[in-house]
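A.B. asks:
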Amino acid sequence: MSLRRNVVYLTLEKVVHTLGGLLGMVLVARELGPGALGDYGFAISLTAFFVPVLDLGMNNRLIKSVAGGARVSDVLNEVLSYKLTVAPAVFFLMVVAGWVWGGVHLALPVLLIGASTIFMSAGDGGNAVFKGLQQAHLSFLVIGVLNVALLVGLVVALHSGGGLVEVGWCYAVTRCGYAVMCLALLKRKCPDFRVSAKLGVDLNTMWSGLLHLPGVYYLGNLLYLSYLATYVMSPVAAGVFYIGYRAAAATYVLVSAGFEAVLAHAVSDGRRHTGLGVWFVTYGIIALLLLFLAAPLVVTVFGNDFGGSVRAIRLLASCVPPFALCGLAHTLLMAAHREQFAFLVMAVLLVAGFGMAIVAEATFGTESTALVPAVSATLAIVVLWFSLYRQTRPA
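Take any residue in the sequence shown, note its place counting from 1, add 27, and you have its number in the working numbering.
(1) Can you give me the C-alpha to C-alpha distance between V293 and T396, rounded to a whole angstrom?
(2) Measure the C-alpha to C-alpha separation of V93 and L160 and round it to an integer number of angstroms.
(3) In chain order, what residues of the same chain lie with their CB nearer than 7 Å to the CB of L415, ignoring the 5 residues before and after it?
(4) Can you name, in chain order, every residue of its own chain whose Cβ lies under 7 Å from the Cβ of L398, other than the five neighbours on each side?
(5) Can A389 and M208 be called in contact, C-beta distance under 8 Å?
(6) What would DSSP say about F220, mapped onto helix, strand or coil?
(7) Let me know the alpha helix (DSSP H) ranges lying completely inside the segment 44-124, each 4 residues or longer, listed in chain order.
(8) From M52 to G266, what does the alpha carbon distance come to, in whole angstroms?
(9) Use the C-beta contact count for L230: other C-beta atoms within 10 angstroms, 16 or more gives buried, fewer gives exposed.
(10) Is V137 near the ligand FAD, judged by its Cβ being under 7 Å from some heavy atom?
(11) Would you report the Cα separation of A422 and L37, rounded to the nearest angstrom?
(12) In angstroms, rounded to a whole number, what distance separates the CA positions of I170 and H44?
(13) Please report the residue range of the alpha helix (DSSP H) in which A284 lies.
(14) Leaving out five residues before and five after S143 in sequence, what residues of the same chain have Cβ atoms less than 7 Å from its Cβ?
(15) Do the segment 129-140 and the segment 178-194 make contact, defined as three or more Cβ pairs closer than 8 Å?
(16) Closest by CA to V378, which one among F76, N87, G48, A176?
(17) Establish whether the CB of L73 and some CB of chain D are separated by less than 8 Å.
(18) Around the C-beta of V325, are 16 or more other C-beta atoms found within 10 angstroms, so that it is buried, or is it exposed?
(19) Which term fits D101, buried or exposed, when burial requires 16 or more other beta carbons within 10 angstroms of its beta carbon?
(20) If you compare alpha carbons, which of Y244, G68, F146, R98 is closest to C217?
(21) Starting from V174, trace the alpha helix (DSSP H) both ways and give me its first and last residue.
(22) Looking at the secondary structure, which residues open and close the alpha helix (DSSP H) in which R338 lies?
(23) By Cβ distance below 7 Å, which residues in the same chain neighbour F69 in space, the five residues on each side in sequence not counted?
(24) Determine the closest residue to A264 out of G242, V372, E394, G152, with distance taken between C-alpha atoms.
(25) Compute the beta-carbon to beta-carbon distance between L81 and S166, rounded to the nearest angstrom, for a pair I have assumed lies under 8 Å.
(26) Comparing C-alpha positions only, which one of A314, E58, V222, V35 sits nearest to A184?
(27) Near K41, what residues of its chain come up, given a Cβ to Cβ distance below 7 Å and the 5 sequence neighbours on each side ignored?
(28) Distance, Cα to Cα, P348 vs I312?
(29) Buried or exposed: which applies to T74, given that a residue is buried once 16 or more other Cβ atoms fall within 10 Å of its Cβ?
(30) Please report the straight-line C-alpha distance between L178 and L46, rounded to a whole angstrom.
(31) Mind checking whether L320 and A274 have CB atoms under 8 Å apart?
(32) By a C-beta neighbour count over all protein chains shown, 10 Å radius and 16 as the cutoff for buried, is P115 buried or exposed?
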């Protein structure tokens with residue numbers, strides 16, 4: 028399958044997944060109100076923060092290995108072994124952090140959404156194989172089924188008088204089904220595949236996975252951590268600004284949807300593809316403008332209580348173009364086997380960006396915090412693209 032077709036399918040996959048998340052947020056906001064939406068945002072942000080620890084770049088590593096001709100059973104079982112080994116500790120940290128940071132009333136929702144995150148990670152391992160095989164239509168299929176099932180469950184639960192606990196159950200059940208579906212479909216696609224994962228962690232595997240963390244984890248978590256700074260230090264504005272952070276994250280996910288296809292294609296044909304930078308930054312600017320113009324619709328969708336989200340969305344839209352350039356450069360550096368340097372730059376970006384968010388929230392307020400992701404990512408662009416040019420140019 029061609030690069031263009033894979034990019035289209037993966038973009039459609041992210042559209043469906045993003046739309047599912049946004050519609051779920053709308054349902055929670057309309058049925059439970061701004062206060063519950065802030066708590067929902069906390070639970071989603073907290074569990075999402077632990078995803079890089081659970082996945083540790085294993086999905087990108089799978090895509091790269093499978094695209095390079097590795098045996099599916101060997102690489103996937105190695106990844107599943109790691110995930111099964113670390114899952115209990117990650118789950119425990121999620122629950123404890125939810126109880127300590129969010130309070131007793133959020134302990135059970137965080138527990139359920141945390142469990143769903145474990146299931147989602149297992150399914151994503153199988154899904155990564157489809158992307159490595161450059162069969163992105165299968166990825167689109169399983170994500171589409173997941174989101175339809177999740178939305179149906181949320182509608183039934185919330186219209187029946189359910190709260191955040193019932194929302195958590197919807198996430199846990201549907202994501203468990205997603206994991207089963209991915210592995211079953213993989214078995215049909217690769218008849219020789221056998222699940223033989225064992226408990227245990229290989230340090231070399233962990234290090235390799237860490238170096239292959241996708242850029243969306245660093246950049247997405249920069250948004251989540253900036254929101255958490257607002258949630259803790261300015262809780263009154265948290266619900267309104269959560270919509271802005273979620274809209275920015277969703278838009279970036281759509282813009283970066285093709286990066287996995289770019290990684291697989293760049294590994295398989297050995298070319299640099301640096302010319303994609305112009306395409307993706309143009310895509311990012313168009314997305315920024317659309318998000319800026321569509322911001323007033325938030326009042327129609329969420330209600331008059333969320334009028335302040337219009338400005339939040341417009342402020343946070345500024346991060347989309349720099350995020351697109353950062354993510355693409357990071358992906359191309361991985362394809363060029365320069366993942367160590369890419370990891371270092373993105374890790375510094377995440378830590379420094381979080382520190383800037385805390386300072387901005389404490390000193391200047393919530394609106395300044397919303398600009399931190401764009402500012403910090405812009406600084407990282409210079410380093411990443413200069414390195415990409417210098418390290419991958421022909422001798």
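Beta carbons: idealized from backbone N, C-alpha and C, even for Gly.
C.D. replies: With the given structure in hand:
(1) A quick correction: the sequence has Ala, not Val, at residue 293. Computed Cα separation, rounded: 36 Å.
(2) 6 Å
(3) T301, A356, L359, L360
(4) L342, S345
(5) no
(6) coil
(7) 78-82, 85-94, 99-124
(8) 11 Å
(9) exposed
(10) Only the bare structure without any ligand can be found here, which leaves the ligand FAD out of the picture.
(11) Bear in mind that the predicted position of A422 carries a pLDDT of just 46, short of 50, making it unreliable; the figure below should be weighed with that in mind. The straight-line gap from Cα to Cα measures roughly 34 Å.
(12) 7 Å
(13) Unbroken run through A284: none, as it is neither H nor E.
(14) Y198, A199, R202
(15) yes
(16) F76
(17) The displayed structure is made up of one protein chain only, and chain D is not part of it.
(18) buried
(19) exposed
(20) R98
(21) The sequence shown places Asn at residue 174, not Val. Looking at the DSSP string, the run of the alpha helix (DSSP H) that includes N174 is 163-186.
(22) 336-343
(23) G129, L133, Y258
(24) E394
(25) So it is not a contact: roughly 19 Å between Cβ atoms.
(26) E58
(27) V280, L281, A284
(28) 6 Å
(29) buried
(30) 10 Å
(31) no
(32) exposed
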